[in-house]
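In what follows, a structure is listed as structure tokens, so that the remarks can point back to it.
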Amino acid sequence: MTYRKLAAVCGLIMLVVFAAALWRHNSMDDTTATPAPTQPSTTAPEPTESSATNTAPDPMESGTPDAVAAQAMTIAHTWTPGLDTSPNDAFRRAAEYFTPRLTDLITTNTGTDVPPSLQWENWATEHARIIADTTIGCSGCPPDTDNTAHRVATITQTATTETTTTETTTTETTTTRVEPETTIWLTLVRTDTGWLIDELRY
């Protein structure tokens, strides 16, 4: 082999070795390449309902003028003729919701006591119980102030009697609506112990 051919063969071998080394280097770069960073999510989070929901105050919450008026008038108009001597006994039971001034008017019988009516006597004979249901409104009332509130109470009463038949010894309950409804205008005042009824007008 001549010197020129030997040089050509050696050059070809070196070229092949260089190409192989270059290919191996590129392959290693591909396997160790750092992955491209992911884009942050742009999806908005689902809205959640706040636990601090603003709600209107309940007018019948304990201690409010509406609640005091409803409780007092319900007690004052729930009667048990025969055990109660007159409706005024029920008003005395509701005295905790009245100011001392109004309580004095009721307990001293200055116009609030009336003789038992014929209907009252009939209820007593039938052992009836008169149940009251009170609705509180304020149509046409003056606006409330810090210390005074005006309300209108509408009282619906139901007479419940029980009759036991001798033959079958069964008890039948009869419910009768008492007519008419009773409407009372109330004035309440704020005291050290809360709202109390100071005046009532039929």
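The sequence shown begins at 3 in our numbering and counts up by one.
Beta carbons are placed, not taken as given, at the ideal position from N, Cα and C, and that holds for glycine.
If you draw a 10 Å sphere on the C-beta of P182, you find fewer than 16 other C-beta atoms in it, and that means exposed. Per DSSP, reduced to three states, the secondary structure at T172 is coil, with no helix or strand assignment.
Across the set R153, T167, Q159, the C-alpha of R153 shows the shortest separation from the C-alpha of P67. Distance from the CA atom of W81 to the CA atom of F93, rounded to whole angstroms, is 10 Å. C-alpha of T160 to C-alpha of P144: approximately 31 Å in a straight line. In the DSSP assignment, D86 is bridged to P83.
Take R179, set aside five residues on each side of it, and the residues of its chain with a beta-carbon closer than 7 Å to its own are T160, in chain order. In the three-state reduction of the DSSP assignment, T76 falls in the helix class. Under the three-state reduction of DSSP, A130 is assigned to coil, being neither helix nor strand.
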